[in-house]
Each structure stands twice: as structure tokens, then as C-alpha cells.
């Protein structure tokens, strides 16, 4: 960089004769003036700071990736939907990029990626930001630079103030590099224009490399549903795996040699005046985002949390679909709910063995060091776990799963439930969601109290029914309590409901463990003593659970319900439907 007297952070770049690395870089730069970043994204830009003159305006990219086998990638270029709707044969590019961050990964931890990409003689610096609760949208800002060396001053207006301090104190360093061969075309569909890029290449960090073979679908104009429509048409041509995991995320994991992250469900923020139609959209988007975020970790298998979060995402989705049953036609809801149940069932064995191997067996083995047979039992458990993971991966790679995820995404983006609502339901969609939420929360809360009547004397089977009702209430509360605002009563109620569910879950955990031990036939393999120790350990734990369980039930039943606060009914808003605007 030329010495212009300006203070800027230092950086590390390859020597002049060194190749910039290999692997796919992130998506091609693209924007549409109709797309603007949402409020969450706007908060990352200091209002008093004006973007440099040569930096691109803020924008939101809307994109979905389809992971395909390397030997099939070229074949998708000849898919009927491409042949019939592509404007021309497109362009081919060789893209190289370097991704930078501080030694402590301040940018990554703030949900940002920072790269410089070379395409021919052109160098483009890009900052990208994650957007909350939306699977397809990300913030993106670009600026032209003279080389692969970063100009941090151009990026500062788009970086949160708290991260700027880290950039001032710590130099940027190369985290990984990318090298891509891209064939890019424009596809025009009735619902919108989509730029499709066929990417082949690899990511490189140190002596580690990761091949990449994928199709990127980026909306250039029109409705985001065009992306899902094109993805579904490509899925008809051959196996594709929908993904929102960026190349930057894969590169950072490669550099750290860590498995994909499996985040917990994103928190919803819904205003009490939000219409029911908009609330349904936000809730379903949140479920889809959680599912797409969790799938890579589940397929990878190194972190048991991945399989757990996929199953949580599917349970949340089924609960969200159940919420809509009183308003929306059952046909489509029941179909998607059945597919979610099928997929969750295909993953249940893997999750059960994860819990047994990582938690139950390890806890008892550490607590009973003199007992023999734990190593033999662990070996049997590992065999069962591997078999169940193979079955789970087959289900995740099944085209039925691919159609389900892509179809769900398209249905949510197009708000397909509007076309399946009766006339009286359309009016209900326009009503404030808080009115609907109070009714649903009250009904499900009453169901838990009814099933738990005379709780102290309930047998185990009846307590199991209480647990199921409490679990359903917890998901409903996660979705709808944000409409009640950030009240202390809402947080307290959620905490007591979670405590009750956890204590009730001990019964279910014990039943699952008994089933798993019977499955491995521990008694005939030399691990019978260890299996008996586990059974005895859990039986002893049940002695102390009763006091805690009764306490949790008492605190739950005495908790003030946050939706019962006297508040005026929210006025209706206008909502657009296929039948026009309704109040």
C-alpha cells in the first residue's frame, strides 16, 4: 500500500511471487437497488460515519447454495430449466481471494467476513455481515482496491465500533485463501432474475485444503421465491443439497480445524402490533434458518450438538405448523409436518446414542472407577452410534429431504399459506398477532395444568403426558412470548417452564437408556456389570428427583402468566393477500 500518511492497521499478505491460495471465494459481488439492509444490519454502521467515496453503497445479497457432487457439477449446466431460461452461455472467471481477520478473529466473532478478491486485473474488497433470522439474506459492501492487500480504512464505516478498536490494536492476518473456476449465467423466471454460478475449486489454509463443488443462486431482481423455484427445478435434474453455509464459514473452520458450528435457535423479536401473517412468516423463517444452520454439523458428525440441533429445529418447525392449524388449510401443513416427522425419526437413533455415549456412560464411568466393563460397553455403543449416523446421513442425503427443505423454503418465502386460507382466515391474518398469541398460550397452558392435576400422586405414564404438553407449551412460548415484550414476567415464566421440562425429562432419559442397553445386549458381552451400574445410577437419581420435580411444578403453577396482563386489543393492520388488501 502506498504511504499516504494515513494511519491504518497493518496486514500480512503473501509474497509477491506466492500464489494467493486455492478454494472457492465467496459469492460474486452483486446488488439490486431495490434491496436494502434491515435494521439489524444498519446498526453495524456508525451513523456519524460517511462511507468513503469509492466504497459501494450498502446492500443485501439474497443467495442460496446447492452442494453437488464434483462429477455432476457440469451436468447441471444443461438442466432443462437452464437451457430454457438462460439469457446466453454466460461468462467464465478465475477468482482468487484472501480472507483476513485479527489473530483473535474479532471480525468472525462479530458475524463479519473480510476479503479481497482478484478477478483478472480487478481487485475488490468486500465486507459481509450475517442478518438475523433470515436464511438467504446477508449484508454486503464493496470497494475497489489496487491489490490483494486490504485497505481497512475503506471497510471501517461498515464495521461495529467495538470491533474497530480491535482492528486498531491488532494487525490483520491471512486466515485462508480461495481459488475458483466459475461459470456464471443469468436465468430469467416469471418470478425473478437469478444469477447462477457453477463453482469448482478449493479452500486452502496452511497445509490443509478443502474442495468445493457448488451452485450459487443469487437474486438480481424480482421475488426471492425465484431462488427456491430454480432450486426445486435443479433438484428435479439431480441430487442437490441446499445450504446457506458460506465459503468464509468453511474457510474459518478449515483454518481452526474445527467442525461446523451448530447454533441454538435464533431469538425472535416480534412487536405486539405485528400482524398474524407477518408473525407466521417470521416464526417459520426462524425455524428454516435454524434447520439450515444445523445440517452441516449433523452431517459432519464430530460435534454431537449438530444432530441435536437439527432435531430441535424439526420439533420447532412442527410446533410452528401446529400453531397455524386453526387458520390455515390442513393439507399443506400436514404434508410438511409429516416430512419433518419422517426426517426427525431418521435421526433419533444417532441422537440417542450421542447422549448415551457422551453423557450417560461417561458420567457413570467417572463416578464408578472400580466397576469393570465400561470400555466394552463403550465399544458396543460406538458401533451402534456409527450405524445410526450412517442411517442419518443417508436420510439427509435423500432427495426426499432435499425436496422437503427446498419446498419449505419456497412456501415460506411466497407465504404460500395465504392461498390456503378461507375468507374468514384472511381477515384473521390481518389482525395483530398478540390477540392470537394470548388465546393459544392460554389454551396450551391450561392443558398442562389439567394434565398435571394432583401432580404429586400422578403415575409415571401420566407425568410423561404432562412432559409432552409442557414441551409443546415451551415451543409455543418461544414463538409467541416475544409479542408480550421484554417483561420480567415473560423471562421468569420461560425459566420456570424450562426447569419443569428438564426435571420431567429425567423419566424419559431413563426409559431411553433402558432401551439402548437392551439393544446392545450388554449382559452377554462382558459389559453386564457396567450396564447394571448405569441402571443403578439412574435408579438412585430418581430417588432425589421427586423433591426437585415437585418444587419445579409448584414454581411453574404459581408463575404469573405474562400474556394475562390487562392490555388493550391491538388495532388491525392492512395485509396484502392473493385476494387483495384486507384489514
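Residue numbers (the working numbering): 1320 to 1902. Backbone N, C-alpha and C fix where the C-beta goes; we use that ideal spot for every residue, glycine too. Since we're looking at a predicted model, the values are computed, not measured.
Q. How about residue 1792 and residue 1823: are their beta carbons less than 9 Å apart?
A. no
Q | Coarse secondary structure for residue 1702, derived from DSSP in three states | A | helix
Q: Express the C-alpha separation of residue 1486 and residue 1465 in angstroms, rounding to a whole number.
A: 21 Å
Q. Can you pull the DSSP bridge partners for residue 1511?
A. 1508 and 1541
Q | Bounding residues of the beta strand (DSSP E) (the contiguous stretch that carries residue 1456) | A | 1456-1463
Q.
Closer than 8 Å is the cut-off here; do at least three beta carbon pairs connect the stretch 1495-1505 with the stretch 1404-1423?
A. yes
**Q.** Same chain, Cβ closer than 6 Å to residue 1802, neighbours up to 5 away in sequence not counted
**A.** 1589, 1591, 1752, 1753 and 1756
Q.
Please give the ranges of any beta strand (DSSP E) in the stretch 1515-1583, keeping only runs that are unbroken, at least 3 residues long and fully inside the region.
A. 1527-1541 and 1560-1562
Q. For residue 1705 versus residue 1662, is the C-beta distance shorter than 9 Å?
A. no
**Q.** Own chain partners of residue 1582 with C-beta closer than 8 Å, once the 5 adjacent residues on each side are dropped
**A.** 1609, 1612, 1613 and 1628
(Q) With distance defined between alpha-carbon atoms, name the residue in 1800, 1551 and 1701 nearest to residue 1675. (A) 1701
Q) For the stretch 1647-1654 against the stretch 1731-1742, are there 3 or more C-beta pairs whose distance is under 8 Å? A) yes
**Q.** residue 1728 and residue 1383 closer than 9 Å at C-beta
**A.** yes
**Q.** For residue 1615, the three-state DSSP class (helix, strand or coil)
**A.** helix
Q | As assigned by DSSP and simplified to three states, the class of residue 1651 | A | helix
Q: Use the C-beta contact count for residue 1764: other C-beta atoms within 10 angstroms, 16 or more gives buried, fewer gives exposed.
A: buried
Q) Given a threshold of 16 other Cβ atoms within 10 Å of its Cβ, counted over all protein chains shown, does residue 1779 qualify as buried or as exposed? A) exposed
Q: Just the C-alpha distance for residue 1882 and residue 1800, rounded to the nearest angstrom, thanks.
A: 8 Å
Q: Measure from the alpha carbon of residue 1832 to the alpha carbon of each residue in 1819, 1811, 1855 and 1845, then state which is nearest.
A: 1855
(Q) DSSP has residue 1443 in a bridge; who is on the other side? (A) 1436 and 1463
Q) Does the beta-carbon distance from residue 1509 to residue 1391 come in below 9 Å? A) no
Q. Would you report the Cα separation of residue 1853 and residue 1573, rounded to the nearest angstrom?
A. 38 Å
Q | Beta-carbon proximity list for residue 1845, same chain, < 8 Å, skipping 5 on both sides | A | 1692 and 1695
Q) Are the stretch 1467-1477 and the stretch 1423-1436 touching by the rule of at least three beta carbon pairs closer than 8 Å? A) yes
Q) Hey, quick one: how far does the alpha helix (DSSP H) through residue 1835 stretch, first residue to last? A) 1807-1839
Q: Below 7 Å CB to CB, which residues in the same chain sit around residue 1637 once its five sequence neighbours on both sides are set aside?
A: 1656, 1659 and 1660
Q. Quick one: any contact between the stretch 1533-1540 and the stretch 1511-1523, if contact means 3 or more CB pairs under 8 Å?
A. yes
(Q) List, from N- to C-terminal side, the alpha helix (DSSP H) runs of 4 residues or more that fit wholly inside the stretch 1706-1737. (A) 1718-1732
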